[in-house]
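Following: one structure in structure tokens, then a few remarks.
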Amino acid sequence: MSLEQLSPEWRQWVQENVARGCTASSMLPMMVQGGLPRALAERVLKTVHGAALPLADTHDMSPQASLLAEHAGAAEAESGRGQVLRARPRPRMTGNRVRLSDGCELRIAAQLDHPQVLLYEGLLSPAECEAMIALAETRLTRSTVVDEQLGEARPHEHRTSAGGFFQRGEHALVARIEARLAELLDWPVENGEGLQVLRYGVGGEYRAHFDWFNPAHPGSERHLRTGGQRVGTCILYLSEVEDGGGTRFPSLGLEIRPRPGAVLYFADVDARGVEDPSTLHAGVPVLAGVKYIATKWLRERRYG
0 MSLEQLSPEW RQWVQENVAR GCTASSMLPM MVQGGLPRAL AERVLKTVHG AALPLADTHD
60 MSPQASLLAE HAGAAEAESG RGQVLRARPR PRMTGNRVRL SDGCELRIAA QLDHPQVLLY
120 EGLLSPAECE AMIALAETRL TRSTVVDEQL GEARPHEHRT SAGGFFQRGE HALVARIEAR
180 LAELLDWPVE NGEGLQVLRY GVGGEYRAHF DWFNPAHPGS ERHLRTGGQR VGTCILYLSE
240 VEDGGGTRFP SLGLEIRPRP GAVLYFADVD ARGVEDPSTL HAGVPVLAGV KYIATKWLRE
300 RRYG
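0 is the number of the first residue of the sequence shown in numbering that gives the first Met the number 0; add one for each residue after it.
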């Protein structure tokens, strides 16, 4: 009966994680953090796991202990296969600067809570930006979009750019960027698509769209089968743009202007893993200059 008190999204989340083998003690902190009353979460977990199963006492659990419990549950369920229990990445945002293990130091330039949006400056050096552009130039072709009905890639007038894809880790620079993003966002490298570098000339744009796959569209099924939903988007700015070329969120009244070396991250889903319509965004037209960016989409599970 307790399951019926949950929303369809929460019911699906519980059923999927139980099927994966996640324990009640690892799931409870996430349900409470996601906004469910603790008493309801406990009743649900006792229903699906069995009344005799003890639940860990997390009333006074510290953030560090909660994190350990969460990762322990994920590791138990997935045995190192790259899947995690959390519904989305957990970007680092304590303090004004973030220092990564390879010495890269970033500045948190902007933050929005709902939807979760963060702008970090300093992910890439000027030399790394130039090198990434040079690597991509030899493989740029007309960009495509995903057909909503068939799920196939096709050109579209709403997206006027040239793009080139990189397999995960296929080049030392690509691997370095992926490792930094994984550490910055606390999300496994293997739970991400490969980097895509895009070039927009004058007039180039990508009209308002979502990065997540709409489950209601028949064409989404083939993409959701491999790696699940897109739960986060990273846009890496590689070049100066004289005018235009920002990333705009129409429903938020927010526009991020390109700055070389910076990365814009936003969560495509809410804390429960539900697709977030407020992440509607667009690449506004370039009015002067050339815009180079790299995008990386993060999946809920191991990709590829």
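Just so you know, even glycine gets a beta-carbon here, dropped at the ideal spot from N, CA and C.
Mind reading off the beta-carbon distance from residue 235 to residue 122? Whole number of angstroms is fine, and I expect it under 8 Å. By one-based count along the sequence shown, residue 235 stands at place 236. By one-based count along the sequence shown, residue 122 stands at place 123. That pair is a contact at about 6 Å.
Near residue 17, which residues of its chain fall below 6 Å by C-beta distance, leaving aside the five closest residues on each side in sequence? The count along the sequence shown starts at 1 and reaches residue 17 at position 18. Short of 6 Å from the beta carbon of residue 17, and not among the five residues preceding or following it, lie these beta carbons of its own chain, in chain order: 47.
Rounded C-beta distance between residue 259 and residue 244? I'm assuming under 8 Å. Sequence index remark: in the sequence shown, residue 259 carries index 260 (1-based). Sequence index remark: in the sequence shown, residue 244 carries index 245 (1-based). The pair is not a contact, with the Cβ atoms about 12 Å apart (cut-off 8 Å).
Using only alpha-carbon positions, find the residue among 137, 118, 173 that is nearest to residue 107. Locating residue 107 in the sequence shown gives position 108, counting from the first residue. Of the listed residues, the one whose Cα sits closest to residue 107 is 118.
Given residue 247, which residues of its chain have a CB within under 6 Å of its CB, disregarding the five upstream and five downstream residues? Taking the sequence shown and counting its residues from 1, one reaches residue 247 at position 248. Same-chain partners within the cutoff: 254, 281, 283.
Please state if the CB of residue 138 and the CB of residue 102 are separated by a distance shorter than 8 Å. For this step, residue 102 is matched to residue 103 along the sequence shown. For this step, residue 138 is matched to residue 139 along the sequence shown. Between residue 102 and residue 138, the C-beta spacing is not below 8 Å.
Buried or exposed: residue 23, going by 16 or more other Cβ atoms within 10 Å of its Cβ? In the sequence shown, the residue the question calls residue 23 occupies position 24. When all chains shown are included, residue 23 counts as buried.
Can you name, in chain order, every residue of its own chain whose Cβ lies under 7 Å from the Cβ of residue 237, other than the five neighbours on each side? Walking along the sequence shown from the start, residue 237 turns up at place 238. Listed in chain order, the non-local C-beta contacts of residue 237 below 7 Å within the same chain comprise 128, 131, 132, 259, 291, 292, 293, local neighbours out to five positions each way being set aside.
Distance between residue 112 and residue 120 (C-alpha atoms, nearest Å): As a position in the sequence shown, residue 120 is number 121, starting the count at 1. As a position in the sequence shown, residue 112 is number 113, starting the count at 1. C-alpha separation (whole angstroms): 18 Å.
Between residue 196 and residue 135, is the Cβ-Cβ spacing less than 8 Å? Walking along the sequence shown from the start, residue 196 turns up at place 197. Walking along the sequence shown from the start, residue 135 turns up at place 136. Yes.
What separation, rounded to the nearest whole angstrom, lies between the Cα atoms of residue 165 and residue 4? In the sequence shown, the residue the question calls residue 165 occupies position 166. In the sequence shown, the residue the question calls residue 4 occupies position 5. The alpha-carbon atoms of residue 165 and residue 4 are separated by roughly 45 Å.
Please go through the same chain and pick out, in chain order, the residues whose beta-carbon is closer than 8 Å to the beta-carbon of residue 172, but skip the five residues on each side of it. Taking the first residue of the sequence shown as 1, we reach residue 172 at position 173. Answer for residue 172: 127, 130, 131, 134, listed in chain order.
Alpha carbon to alpha carbon, how far is residue 266 from residue 115? Give it in angstroms, no decimals. In the sequence shown, residue 115 corresponds to position 116, counting from 1. In the sequence shown, residue 266 corresponds to position 267, counting from 1. Roughly 6 Å between the two C-alpha positions.
Using the DSSP secondary-structure output, state which residues sit across from residue 104 in a beta bridge. As a working note, residue 104 is residue 105 in the sequence shown. In DSSP, residue 104 forms a bridge with 98.
Could you tell me which residues DSSP puts in a beta bridge with residue 236? In the sequence shown, counting from the first residue as 1, residue 236 sits at position 237. Residue 236 is bridged to 292.
Reference residue 241; option with closest CA among 199, 88, 90: On the sequence shown, residue 241 is found 242 positions in, with the first residue counted as 1. Of the listed residues, the one whose Cα sits closest to residue 241 is 199.
Output needed for residue 40: all residues of its chain with C-beta closer than 7 Å, excluding positions within five of it in sequence on either side, in chain order. As a working note, residue 40 is residue 41 in the sequence shown. 27, 30, 31.
Excluding the five sequence neighbours on either side, which residues of its own chain have a C-beta within less than 7 Å of the C-beta of residue 180, listed in chain order? The residue given as residue 180 occupies position 181 in the sequence shown. Once the five neighbours on either side are set aside, the close Cβ partners of residue 180 are 233, 295.
By DSSP, does residue 173 sit in helix, in strand, or in coil? To locate residue 173, count along the sequence shown from 1; it is residue 174. Residue 173: helix per DSSP, three-state reduction.
If the criterion is Cβ atoms closer than 8 Å, does the pair residue 249 and residue 279 meet it? Position 250 of the sequence shown, counted from the first residue, corresponds to residue 249. Position 280 of the sequence shown, counted from the first residue, corresponds to residue 279. Cβ distance < 8 Å, so residue 249 and residue 279 count as in contact.
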